[in-house]
Amino acid sequence: MRTDLLLGKADDLLCNGRAGQAATLLAPVVGEEPGNVDAWLLLARAQLALRRPAAALDAARAALHLEPHGLEALYWVSAAYTAAGRHDLAVAAAVSACNEDPGNPRLLERRGRALLAAGRLAEAERVLAAGAEFAHYDADLHVAHGVALFAAGRPLNAREAHGRALALEPAHPQAQIELRRLTAAEQRIVDAESLVRVTDEFAESLRVPAGGRRPEPDGHGVLAHLAAVAFAVCLAALLILGILDRVTPLEVPLALTLAVLCAAGSAACATALIRRRA
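Note that my numbering numbers the sequence shown so that position 82 is 82, with each residue one more than the last.
Right, here's the structure in full:
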């Protein structure tokens, strides 16, 4: 029961964008229960969200070792291989998953996304087109197909695909994001040459290089560092004010000491809150 509660909490943390806390929570769980497939899969998700493809792959492989034909394990192994830029293995894992459950829209999307990340645009578009035709009820698959169509140089068809997704789910967040991105890109398209340039840039943005993408700067880390520096400066100022008050005839205003003390407390609280949210 305790493990189920921990896994539920980790899932909630992941859904709320707190992958770091989820990974911290899951590490002792897989240590104590190395046969817990669900814990390994959640850890793989957390590590992927933290842009740690090697750690994600280790966790996903551990789950796959426990369930050699498990669809979730194959899905996350494929996703981890994609994040690491190991595209042949990512596609192979996705194909294996699709073979286990033909017609599963989530697995078809994973296969298409793996092909897009590998730069295999024509193949990705064919896979996703067939999937969107078969699983016409799945909005996520239509969005992925729209992404492939735009990358292949067909923005009008891409807009139609995203429109089908929104017809199925009017508030679909990824469809809305992709439509906004498409609209912004279309403003740069004025002729055939610019069409090729813009769609090629988009296709390139989908590719994952060997070794994976470099982690983006962590804004939380920068803010936490600045808050910690501010805290240290305030402490140093308090120390200097104390020394001046004791060894010199100068009288340090009490209001100044209180102000610096409050600033130090605020900086300490900010540091703790930022690190907690990271």
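C-beta atoms are modelled at their ideal positions from N, C-alpha and C, and glycine is treated no differently.
- If you keep only unbroken beta strand (DSSP E) runs of at least 3 residues inside the stretch 168–216, you get nothing at all.
- Excluding sequence positions up to five before and after residue 5, its CB lies less than 8 Å from no other CB in the same chain.
- For residue 78, the number of other beta carbons within 10 angstroms of its own is at least 16, and it is reported as buried.
- For the pair residue 39 and residue 29, the CB atoms are nearer than the 8 Å cut-off.
- Nearest Cα to residue 209 within the set 182, 194, 185, 84: 84.
- Counting along the chain, the unbroken alpha helix (DSSP H) around residue 65 starts and ends at 53–66.
- By the neighbour-count criterion, in which 16 or more other beta carbons inside 10 Å mark a residue as buried, residue 26 falls on the buried side.
- DSSP places residue 17 in the coil class of the three-state scheme, outside both helix and strand.
- Contact check for residue 105 and residue 140: beta-carbon distance about 7 Å, within the 8 Å limit, so the pair qualifies.
- By the neighbour-count criterion, in which a residue is buried when 16 or more other Cβ atoms sit within 10 angstroms of its Cβ, residue 98 is buried.
- Taking a cut-off of 8 Å on C-beta distances, the stretch 136–150 touches the stretch 173–191, as three or more cross pairs fall below it.
- Counting C-beta pairs closer than 8 Å gives fewer than three between the stretch 80–95 and the stretch 166–179, which falls short of the contact rule.
- Here residue 33 has 3, 39 as same chain residues with Cβ atoms under 7 Å from its own Cβ, once five neighbours each way along the sequence are excluded.
- When C-alpha distances from residue 93 are compared across 81, 103, 102, the shortest belongs to 81.
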